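Since the structure comes first, as structure tokens, the remarks are kept for the end.
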Amino acid sequence: MSDPLLNLSAAEVDIDGSRILRGVTLEVRANELVALMGRNGVGKTTTLRALMGLRPLRSGVMTLGTTDLVPLDTAARARAGLGYVPQGREIFPHLTVEENLRVSLVTHGIKGSAARDALDEVYTLFPILRQFVARKGGVLSGGQQQQLAIARALLTKPRLLLLDEPTEGIQPSIIEEIGDTLKKLRASGRLSILLVEQYVDFCRAIADRFYAMDRGVVTISGPIADLTDEVVQKHLQV
Ligand SMILES: Nc1ncnc2c1ncn2[C@@H]1O[C@H](COP(=O)(O)OP(=O)(O)O)[C@@H](O)[C@H]1O
Ligand SMILES: [Mg+2]
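Residues in the sequence shown are numbered from 1125 upward in steps of one, following this note's numbering.
Written as structure tokens, this is what we have:
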């Protein structure tokens, strides 16, 4: 088996004096789509934020390929190959689709033909965004906003995409579309995906493996076929 692309080991994070992550260990291999599951408040978002350098680690190991992520700030982690789609999408409602993407290009210092190529690539992946380039982000549907948020994260050509609850608040027909997009991305062989998600059937349809968290630790993990109704009932249901 190949070495993991992402290795997160025994990660501890404190927030306001409380231990929120209590030794999270997980890995993602090249071209894998891995689901990180769990009820509300167990620490899924905190895990992704810690990976992006938005929450300091109290202790633990975090590597992407041969790169130690721990000493790197958020921008350096993006350069090292991490892309992040935050929960709630966080697009700029008063900027157009293209402006939302350009903000990210400027932030990451991507200019000239590299910027044009990056835009062209995401517009090819998400034709609806090309169609709506001049539309304000705030008037897009939830599904379109999610596509914009994913497109924005892809501009830096990440090796690992971190996605936080992309189906939250999105209508079923579009959920399927987002699933197809993620499968297509993974099939392109260019990146791995760590997907935080509570929607079990969505994970079953697209993930290779899963981890389930409870109160700051991983309680069970395995190939997605092991995510049986019994496991869901015991580890994921309220
Ligand atoms: N900014 C914050 N301030 C205080 N507590 C927080 C903050 N962010 C998260 N927490 C706490 O950390 C725990 C895990 O939160 P989070 O990682 O957002 O969970 P999940 O994404 O699994 O729903 C929760 O109990 C939450 O209350
Ligand atoms: Mg969350």
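Backbone N, C-alpha and C define an ideal beta-carbon position, used for all residues, glycine too.
The model shown is predicted, which means the values in this text are computed figures rather than measured ones.
> Using the beta carbon as the reference atom, which residues fall closer than 6 Å to any heavy atom of ligand 1, ordered along the chain?
Replying inline: Ile1139, Asp1140, Ile1144, Gly1162, Asn1164, Gly1165, Val1166, Gly1167, Lys1168, Thr1169, Thr1170
>> Going by DSSP, what residue range makes up the alpha helix (DSSP H) through isoleucine 1252?
In response: 1251-1255
> Going by the C-beta, is valine 1209 closer than 8 Å to any heavy atom of ligand 2?
Replying inline: no
> What residue ranges within the stretch 1164-1222 form continuous alpha helix (DSSP H) runs of no fewer than 4 residues, ordered along the chain?
Replying inline: 1168-1175, 1198-1204
> How about valine 1257: is its C-beta nearer than 9 Å to some C-beta of chain B?
Replying inline: Here there is only one protein chain, and chain B is not present.
> The alpha helix (DSSP H) spanning arginine 1276 covers which residue range?
Replying inline: 1266-1278
> What do you get for alanine 1224, buried or exposed, if any count of 16 or more other CB atoms within 10 angstroms of its CB means buried?
Replying inline: The amino acid occupying residue 1224 in the given sequence is asparagine; alanine does not appear at that position. Under this definition asparagine 1224 is a buried residue.
> What are the boundary residues of the beta strand (DSSP E) that includes aspartate 1288?
Replying inline: 1284-1288
>> Quick check: isoleucine 1348 and arginine 1328, are their CB atoms within less than 9 Å of each other?
In response: yes
> Taking C-alpha atoms, which residue in Asp1338, Met1337, Gln1270 lies nearest to tyrosine 1208?
Replying inline: Gln1270
> Relative to the C-alpha of glycine 1189, which residue among Pro1217, Leu1315, Gly1346 is closest?
Replying inline: Leu1315
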